[in-house]
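Numbering (the working numbering), first residue to last: 158 to 436.
We put the beta carbon where it would ideally sit given N, CA and C, even for glycine.
Please read all numbers here as calculations on a predicted model, not as lab measurements.
What follows is a short report on a single structure.
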(Lines of atoms letter the chains of each structure in order from A and count residues from 1; the text may use other names and numbers.)
(Lines give C-alpha, C1' and ligand atoms only; values in the text may rest on other atoms or scores of the structure.)
Protein backbone atom coordinates (compact mmCIF):
# COMPACT_ATOMS: atom_id res chain seq x y z
CA UNK A 1 0.00 0.00 0.00
CA UNK A 2 1.41 3.39 -1.02
CA UNK A 3 0.85 6.00 1.66
CA UNK A 4 1.56 9.72 1.87
CA UNK A 5 4.41 8.87 4.22
CA UNK A 6 5.79 6.44 1.65
CA UNK A 7 5.73 9.11 -1.03
CA UNK A 8 7.59 11.51 1.25
CA UNK A 9 10.21 8.87 1.95
CA UNK A 10 10.59 8.15 -1.76
CA UNK A 11 11.05 11.85 -2.46
CA UNK A 12 13.70 12.20 0.21
CA UNK A 13 15.58 9.16 -1.06
CA UNK A 14 15.45 10.46 -4.61
CA UNK A 15 16.89 13.75 -3.42
CA UNK A 16 19.79 11.98 -1.73
CA UNK A 17 20.51 9.94 -4.87
CA UNK A 18 20.44 13.06 -7.05
CA UNK A 19 22.73 14.95 -4.66
CA UNK A 20 25.23 12.11 -4.71
CA UNK A 21 25.71 12.50 -8.47
CA UNK A 22 27.84 15.55 -7.79
CA UNK A 23 30.57 13.40 -6.25
CA UNK A 24 33.70 12.67 -8.33
CA UNK A 25 33.47 9.39 -10.21
CA UNK A 26 35.57 6.38 -9.32
CA UNK A 27 36.77 3.58 -11.57
CA UNK A 28 34.13 1.33 -13.08
CA UNK A 29 32.96 -1.27 -10.57
CA UNK A 30 33.34 -5.02 -10.82
CA UNK A 31 29.91 -6.45 -11.62
CA UNK A 32 29.01 -9.44 -9.47
CA UNK A 33 26.15 -11.85 -10.12
CA UNK A 34 25.31 -14.29 -7.35
CA UNK A 35 22.05 -15.75 -8.71
CA UNK A 36 19.76 -16.02 -11.71
CA UNK A 37 17.42 -13.16 -10.78
CA UNK A 38 18.41 -9.70 -12.00
CA UNK A 39 18.14 -8.46 -8.41
CA UNK A 40 20.79 -10.97 -7.33
CA UNK A 41 23.66 -8.70 -8.26
CA UNK A 42 26.22 -6.38 -6.74
CA UNK A 43 28.81 -3.78 -7.70
CA UNK A 44 32.27 -3.81 -6.16
CA UNK A 45 34.10 -0.47 -6.13
CA UNK A 46 37.82 -0.91 -5.53
CA UNK A 47 40.46 1.61 -4.42
CA UNK A 48 43.30 2.34 -6.82
CA UNK A 49 46.18 -0.11 -6.89
CA UNK A 50 46.58 -3.86 -6.95
CA UNK A 51 46.93 -4.78 -3.27
CA UNK A 52 44.31 -6.69 -1.32
CA UNK A 53 41.96 -4.35 0.50
CA UNK A 54 39.33 -4.54 3.24
CA UNK A 55 35.73 -4.31 2.15
CA UNK A 56 32.50 -2.86 3.44
CA UNK A 57 29.29 -4.49 2.27
CA UNK A 58 26.84 -1.61 1.73
CA UNK A 59 23.19 -2.59 2.14
CA UNK A 60 20.52 -0.10 1.13
CA UNK A 61 17.26 0.45 2.98
CA UNK A 62 13.75 1.34 1.92
CA UNK A 63 11.75 -0.86 4.33
CA UNK A 64 12.65 -3.94 2.26
CA UNK A 65 10.34 -2.82 -0.56
CA UNK A 66 11.01 -3.17 -4.28
CA UNK A 67 10.63 0.59 -4.91
CA UNK A 68 14.02 1.27 -3.33
CA UNK A 69 17.16 -0.19 -4.85
CA UNK A 70 20.92 -0.36 -4.95
CA UNK A 71 21.25 3.14 -6.40
CA UNK A 72 21.01 4.36 -2.79
CA UNK A 73 24.08 2.33 -1.80
CA UNK A 74 26.29 3.08 -4.78
CA UNK A 75 27.34 6.64 -3.78
CA UNK A 76 28.46 5.32 -0.39
CA UNK A 77 30.39 2.45 -1.97
CA UNK A 78 32.13 4.91 -4.29
CA UNK A 79 33.05 7.15 -1.37
CA UNK A 80 34.48 4.22 0.56
CA UNK A 81 36.66 3.27 -2.41
CA UNK A 82 38.02 6.82 -2.53
CA UNK A 83 38.99 6.35 1.12
CA UNK A 84 40.87 3.06 0.83
CA UNK A 85 38.03 0.61 1.49
CA UNK A 86 36.38 -1.50 -1.19
CA UNK A 87 32.69 -0.62 -1.28
CA UNK A 88 30.43 -3.53 -2.17
CA UNK A 89 26.93 -2.27 -3.01
CA UNK A 90 24.58 -5.23 -3.05
CA UNK A 91 21.12 -5.63 -4.47
CA UNK A 92 18.68 -8.26 -3.26
CA UNK A 93 15.12 -9.42 -3.86
CA UNK A 94 12.68 -7.27 -1.94
CA UNK A 95 9.02 -7.37 -0.99
CA UNK A 96 7.13 -7.14 -4.27
CA UNK A 97 9.81 -8.74 -6.45
CA UNK A 98 10.28 -12.16 -4.88
CA UNK A 99 11.85 -11.04 -1.62
CA UNK A 100 10.84 -11.15 2.01
CA UNK A 101 11.28 -14.20 4.22
CA UNK A 102 13.45 -16.17 3.52
CA UNK A 103 14.58 -14.95 0.07
CA UNK A 104 16.01 -11.58 1.15
CA UNK A 105 18.12 -13.23 3.84
CA UNK A 106 19.37 -15.89 1.43
CA UNK A 107 20.29 -13.19 -1.08
CA UNK A 108 22.24 -11.06 1.38
CA UNK A 109 24.12 -14.14 2.57
CA UNK A 110 24.91 -15.28 -0.98
CA UNK A 111 26.05 -11.79 -2.01
CA UNK A 112 28.46 -11.63 0.91
CA UNK A 113 29.79 -15.15 0.32
CA UNK A 114 30.46 -14.23 -3.32
CA UNK A 115 33.27 -11.97 -2.06
CA UNK A 116 35.37 -15.11 -1.64
CA UNK A 117 35.78 -15.12 -5.43
CA UNK A 118 37.15 -11.57 -5.62
CA UNK A 119 40.98 -11.61 -5.82
CA UNK A 120 41.55 -8.13 -4.36
CA UNK A 121 39.27 -8.55 -1.36
CA UNK A 122 40.84 -9.38 2.00
CA UNK A 123 38.12 -11.69 3.32
CA UNK A 124 39.58 -11.49 6.82
CA UNK A 125 38.62 -7.78 6.91
CA UNK A 126 34.95 -7.54 5.93
CA UNK A 127 32.32 -5.39 7.62
CA UNK A 128 28.75 -4.47 6.72
CA UNK A 129 27.12 -1.05 6.59
CA UNK A 130 23.36 -0.75 6.31
CA UNK A 131 20.81 2.04 6.40
CA UNK A 132 17.35 1.68 7.95
CA UNK A 133 16.05 -1.74 6.82
CA UNK A 134 19.55 -2.31 5.46
CA UNK A 135 20.81 -1.79 9.01
CA UNK A 136 18.74 -4.78 10.10
CA UNK A 137 20.27 -6.85 7.31
CA UNK A 138 23.81 -5.65 8.05
CA UNK A 139 23.69 -6.47 11.75
CA UNK A 140 21.87 -9.75 11.06
CA UNK A 141 24.65 -10.64 8.61
CA UNK A 142 27.25 -9.94 11.29
CA UNK A 143 25.70 -12.70 13.39
CA UNK A 144 25.37 -15.36 10.69
CA UNK A 145 28.03 -17.59 12.21
CA UNK A 146 25.77 -18.18 15.21
CA UNK A 147 22.60 -19.03 13.31
CA UNK A 148 21.30 -22.57 13.83
CA UNK A 149 22.01 -25.12 11.11
CA UNK A 150 19.48 -24.92 8.31
CA UNK A 151 18.43 -21.34 9.03
CA UNK A 152 18.54 -18.88 6.11
CA UNK A 153 22.08 -17.49 5.90
CA UNK A 154 23.68 -20.03 8.23
CA UNK A 155 27.22 -21.41 7.76
CA UNK A 156 28.82 -18.33 6.14
CA UNK A 157 31.78 -18.70 3.79
CA UNK A 158 32.75 -15.08 4.44
CA UNK A 159 32.37 -13.84 8.00
CA UNK A 160 31.47 -10.25 8.83
CA UNK A 161 33.87 -8.81 11.40
CA UNK A 162 31.68 -5.88 12.43
CA UNK A 163 28.72 -3.77 11.36
CA UNK A 164 27.70 -0.13 11.12
CA UNK A 165 23.97 0.39 11.57
CA UNK A 166 22.73 3.67 10.10
CA UNK A 167 19.40 4.25 11.85
CA UNK A 168 18.77 0.53 11.63
CA UNK A 169 15.54 -1.31 12.33
CA UNK A 170 17.18 -3.63 14.84
CA UNK A 171 14.29 -4.90 16.97
CA UNK A 172 11.71 -6.29 14.57
CA UNK A 173 9.22 -7.24 17.27
CA UNK A 174 9.23 -3.71 18.67
CA UNK A 175 9.15 -2.25 15.15
CA UNK A 176 6.08 -4.34 14.33
CA UNK A 177 4.30 -3.25 17.52
CA UNK A 178 5.19 0.42 16.97
CA UNK A 179 4.30 0.20 13.27
CA UNK A 180 7.68 1.49 12.12
CA UNK A 181 7.26 1.77 8.36
CA UNK A 182 3.55 1.01 8.67
CA UNK A 183 3.01 -2.68 7.90
CA UNK A 184 6.53 -3.08 6.46
CA UNK A 185 7.79 -5.56 9.07
CA UNK A 186 4.82 -7.90 8.73
CA UNK A 187 5.04 -7.72 4.93
CA UNK A 188 8.76 -8.48 5.10
CA UNK A 189 8.52 -11.50 7.39
CA UNK A 190 5.14 -12.70 6.19
CA UNK A 191 3.76 -13.09 9.70
CA UNK A 192 3.20 -11.29 12.98
CA UNK A 193 5.32 -12.08 16.06
CA UNK A 194 2.32 -13.78 17.65
CA UNK A 195 1.86 -16.15 14.70
CA UNK A 196 5.53 -16.98 14.06
CA UNK A 197 7.84 -15.83 16.84
CA UNK A 198 10.55 -18.24 15.68
CA UNK A 199 10.87 -16.34 12.41
CA UNK A 200 11.41 -13.08 14.27
CA UNK A 201 13.95 -14.79 16.52
CA UNK A 202 16.02 -15.75 13.47
CA UNK A 203 15.62 -12.42 11.66
CA UNK A 204 15.83 -9.71 14.32
CA UNK A 205 19.32 -8.60 15.45
CA UNK A 206 17.91 -7.77 18.89
CA UNK A 207 16.80 -11.39 19.27
CA UNK A 208 20.17 -12.74 18.08
CA UNK A 209 22.28 -11.21 20.85
CA UNK A 210 25.05 -11.77 21.65
CA UNK A 211 26.53 -11.53 18.14
CA UNK A 212 30.12 -11.55 19.48
CA UNK A 213 31.22 -8.94 16.90
CA UNK A 214 31.48 -5.15 17.34
CA UNK A 215 28.56 -3.04 16.16
CA UNK A 216 28.58 0.73 15.68
CA UNK A 217 25.19 2.41 15.82
CA UNK A 218 24.71 5.85 14.24
CA UNK A 219 21.31 7.50 14.59
CA UNK A 220 19.93 11.01 14.22
CA UNK A 221 17.88 12.34 17.12
CA UNK A 222 15.55 14.02 14.59
CA UNK A 223 14.81 10.79 12.75
CA UNK A 224 11.08 10.61 11.95
CA UNK A 225 11.21 7.32 10.03
CA UNK A 226 13.02 4.96 12.42
CA UNK A 227 12.81 6.07 16.07
CA UNK A 228 16.15 6.44 17.80
CA UNK A 229 14.78 4.13 20.50
CA UNK A 230 15.51 1.27 18.08
CA UNK A 231 19.24 1.96 18.44
CA UNK A 232 19.06 2.74 22.15
CA UNK A 233 17.19 -0.51 22.88
CA UNK A 234 19.73 -2.49 20.89
CA UNK A 235 22.68 -0.78 22.62
CA UNK A 236 21.29 -1.50 26.07
CA UNK A 237 20.58 -5.14 25.26
CA UNK A 238 23.95 -5.63 23.56
CA UNK A 239 25.84 -4.22 26.53
CA UNK A 240 23.87 -6.48 28.85
CA UNK A 241 24.75 -9.46 26.65
CA UNK A 242 28.44 -8.52 26.70
CA UNK A 243 28.75 -7.43 23.08
CA UNK A 244 31.03 -4.54 22.02
CA UNK A 245 28.68 -1.79 20.88
CA UNK A 246 28.91 1.98 20.44
CA UNK A 247 26.02 4.38 19.82
CA UNK A 248 26.65 7.79 18.26
CA UNK A 249 23.63 10.08 18.43
CA UNK A 250 23.61 12.95 15.93
CA UNK A 251 21.57 15.87 17.30
CA UNK A 252 21.18 17.66 13.96
CA UNK A 253 20.40 14.64 11.79
CA UNK A 254 17.20 13.05 10.60
CA UNK A 255 16.94 9.79 8.67
CA UNK A 256 18.49 10.50 5.29
CA UNK A 257 21.58 12.52 6.17
CA UNK A 258 23.32 9.25 7.00
CA UNK A 259 23.32 8.22 3.32
CA UNK A 260 24.18 11.61 1.87
CA UNK A 261 27.89 11.57 0.91
CA UNK A 262 27.98 15.35 1.35
CA UNK A 263 26.74 15.24 4.93
CA UNK A 264 28.55 14.89 8.25
CA UNK A 265 26.12 12.10 9.09
CA UNK A 266 27.71 9.88 6.45
CA UNK A 267 31.20 11.03 7.47
CA UNK A 268 30.47 9.71 10.96
CA UNK A 269 29.39 6.36 9.52
CA UNK A 270 32.53 6.13 7.39
CA UNK A 271 34.70 6.96 10.41
CA UNK A 272 33.05 4.14 12.34
CA UNK A 273 33.66 1.77 9.42
CA UNK A 274 37.33 2.68 9.40
CA UNK A 275 37.51 2.13 13.15
CA UNK A 276 36.00 -1.34 12.87
CA UNK A 277 38.50 -2.19 10.15
CA UNK A 278 41.45 -0.98 12.20
CA UNK A 279 42.32 2.13 10.16
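Quick one: complete beta strand (DSSP E) runs, 3+ long, within the region 296-361? 320-323
Judging by CA-CA distance, which residue of 267, 308, 289, 341 is the nearest neighbour of residue 315? 267
Reducing DSSP to helix, strand and coil, say where residue 383 ends up. coil
Go ahead and pull the three-state DSSP assignment for residue 397. helix
Pick out the complete alpha helix (DSSP H) segments inside the region 207-285, 4 residues or longer, and give them in chain order. 231-239, 260-270
In whole angstroms, what is the alpha-carbon distance linking residue 284 and residue 410? 24 Å
Which residue wins for smallest C-alpha separation from residue 401, given the options 377, 391, 371, 389? 371
Quick check: the region 211-223 against the region 246-263, are at least 3 beta-carbon pairs closer than 8 Å? yes
Does the distance from the C-beta atom of residue 189 to that of residue 271 stay below 7 Å? yes
DSSP three-state assignment for residue 197, whether helix, strand or coil: coil
Please report the straight-line C-alpha distance between residue 413 and residue 379, rounded to a whole angstrom. 10 Å
Can you name, in chain order, every residue of its own chain whose Cβ lies under 8 Å from the Cβ of residue 405, other than the five neighbours on each side? 373, 374, 375, 376, 425, 429
For residue 419, write down the residues that DSSP places opposite it in a beta bridge. Residue 419 is not bridged to any residue.
For residue 429, name the three-state secondary structure that DSSP assigns. helix
Please report the straight-line C-alpha distance between residue 408 and residue 193, rounded to a whole angstrom. 43 Å
Between the Cα of residue 243 and the Cα atoms of 291, 279, 258, which residue gives the shortest distance? 279
CA nearest to the CA of residue 201, picked from 274, 255, 308: 274
Rounded separation between residue 214 and residue 269 - CA only: 7 Å
Spatial neighbours of residue 343 in its chain, beta-carbon cut-off 7 Å, leaving aside the 5 residues before and after: 333, 349
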